[in-house]
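Positions in the sequence shown are counted from 1; adding 5 to them yields my numbering. The C-beta atom is built at its ideal place from N, Cα and C for all residues, glycine as well. Just below is one structure, and these are the notes that go with it.
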Amino acid sequence: MIDDPDIGALRLLATAVREGSISAAAREARVTQQTASARLRGLEQRLGLELLRRSPRGVEPTSAGETVAAWAEEVLAAAERFRTAMETLRGEHSRALTVAASQTVAAHLLPRWLVALRERQLRAGRTPTQVRMLTANSVEVEALVRSGAAELGFIESTSLPEGLATTTIRFDDLAVVVAPQHAWATRADVGMDEVAGTPLVVREEGSGTRRTWEDAVAARVGRAPADAAAVLSTSAAVRSAVAEGIGPAVLSGLAVADDVRLGRLVEVPLRGDAVRRPITALWRGAPRDLSAVSRELLEEAVG
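Quick look at the structure:
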């Protein structure tokens with residue numbers, strides 16, 4: 006007779022088969038590779054089956070291993086449903102949540118997502134979650150999530166952090182903006198090479214907007230942008246400096262939409278393909294490590 010399955014060992018098996026690596030499974034489970042190997046060997050002994058073929062290149066499932074891994078995924082899904090149900094019974098759907106967001110997300114997207122989350126919880130008859138929001142640049146958001154100071158983070162950057170779970174929420178195009186009196190204001194478009202060679206008003210190092218622009222210039226023009234005309238710590242400060250005529254800027258299309266609509270700034274179309282960056286959610290661990298309320302917030306963000 007076979008004992009009840011060890012959920013942890015089944016999770017290691019499923020990940021090892023999916024990733025082709027015991028070390029990858031160990032990282033996701035936050036255990037050492039030696040511990041992961043020992044638990045997988047123990048699972049094989051308990052079942053009386055060889056599940057994995059090991060080699061210096063990694064692991065491959067045996068035919069029995071493929072079958073057991075598929076069944077394991079079903080068990081793990083059921084376990085996740087059970088965990089979510091227990092969180093609901095204990096009221097963890099309504100516990101406090103700390104979210105860190107880069108400035109564009111914090112100003113233009115996250116408030117709408119939080120309203121939708123609150124309405125969802127009220128419709129379900131639950132007490133709305135108390136949410137604490139931390140606003141920072143993309144590098145700082147990553148640090149807050151890594152340290153555990155924030156359970157969930159949102160960044161806008163083409164450079165995604167290693168060692169954290171991520172999922173893309175949406176995409177945001179960057180916009181070239183100038184003051185109404187600037188020479189570019191009446192142009193039909195402007196080339197990336199010309200913008201890259203012009204001193205811009207930019208955000209500080211660590212800003213996802215700045216990093217996205219610099220990466221795009223390096224990829225398309227083959228050099229670094231010109232030295233900045235001014236370096237400011239907030240998108241609002243950059244927009245004000247542009248409106249005062251200090252220089253052009255490249256900012257999130259979301260961030261400049263109101264200023265463009267009101268005529269305070271003029272958007273100059275960028276010739277060629279748009280510079281686009283993903284808006285990405287990130288957290289520590291694997292998808293299963295998200296609390297129920299964080300998963301709900303992500304669902305509202307994606308939806």
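Helix, strand or coil for residue i, going by three-state DSSP, please let me know.
i, result
"V280", "coil"
"H98", "Per-residue confidence for H98 stands at a pLDDT of 48, beneath the threshold of 50, marking its modelled position as unreliable; no derived number is given."
"I12", "helix"
"G63", "strand"
"S257", "strand"
"I251", "coil"
"R125", "helix"
"R51", "helix"
"T214", "helix"
"L179", "strand"
"T172", "strand"
"T191", "helix"
"V298", "helix"
"E304", "helix"
"A233", "coil"
"V36", "coil"
"V226", "coil"
"R208", "strand"
Can you name the residues that DSSP bridges to residue i?
i, result
"G158", "A105 and L287"
"T203", "Bridge partners of T203: none, in fact."
"D263", "The partner list for D263 (beta bridge, DSSP) is empty, contrary to what the question assumes."
"L57", "P66"
"V273", "V181"
"A141", "S107"
Who are the near neighbours of residue i in its chain, counting only those whose CB is closer than 6 Å to its CB and skipping five residues on each side?
i, result
"I160", "S107, S143, V146, G213 and T285"
"A21", "I27, A30 and V64"
"P283", "T173 and F176"
"D264", "R244 and L270"
"S99", "With a pLDDT of 47 at S99, under the threshold of 50, the modelled position of that residue is not reliable, and no figure is offered here."
"A84", "I12"
Measure the beta-carbon distance from residue i to residue j and round it to whole angstroms, keeping in mind my assumption that it falls under 8 Å.
i, j, result
"D11", "L48", "7 Å"
"T103", "A155", "5 Å"
"T109", "S240", "7 Å"
"R281", "D198", "About 19 Å; that fails the 8 Å criterion."
"P204", "A233", "6 Å"
"L18", "A77", "6 Å"
"L122", "L81", "In fact, because the Cβ distance is near 26 Å, the residues do not count as touching under 8 Å."
"A69", "L54", "5 Å"
"V150", "L287", "6 Å"
Considering only residues of the same chain and omitting the five flanking positions on each side of residue i, which have a CB-CB separation below 8 Å?
i, result
"S238", "R208 and E209"
"V261", "A180, V182, R244, L270 and E272"
"A279", "D178 and L179"
"T37", "A31"
Take residue i and list the residues in its own chain whose beta-carbon comes closer than 7 Å to its own, dropping the five residues that flank it on each side.
i, result
"V195", "V181, W189, V273, L275 and R276"
"V226", "M197, D198 and A201"
Answer yes if the segment 266-273 comes into contact with the segment 239-249, meaning at least three C-beta pairs across the two stretches below 8 Å, and no otherwise.
-> Taking one beta carbon from each stretch, the segment 239-249 and the segment 266-273 have 3 or more pairs nearer than 8 Å; the two touch.
Do the segment 295-304 and the segment 217-226 meet, that is, are 3 or more Cβ pairs less than 8 Å apart?
-> Result no; under three Cβ-Cβ pairs closer than 8 Å.
Kindly confirm or deny that the segment 24-39 and the segment 62-70 touch, where touching means at least three C-beta pairs closer than 8 Å.
-> yes
Per the contact definition of three or more C-beta pairs closer than 8 Å, is the segment 175-190 in contact with the segment 250-263?
-> yes
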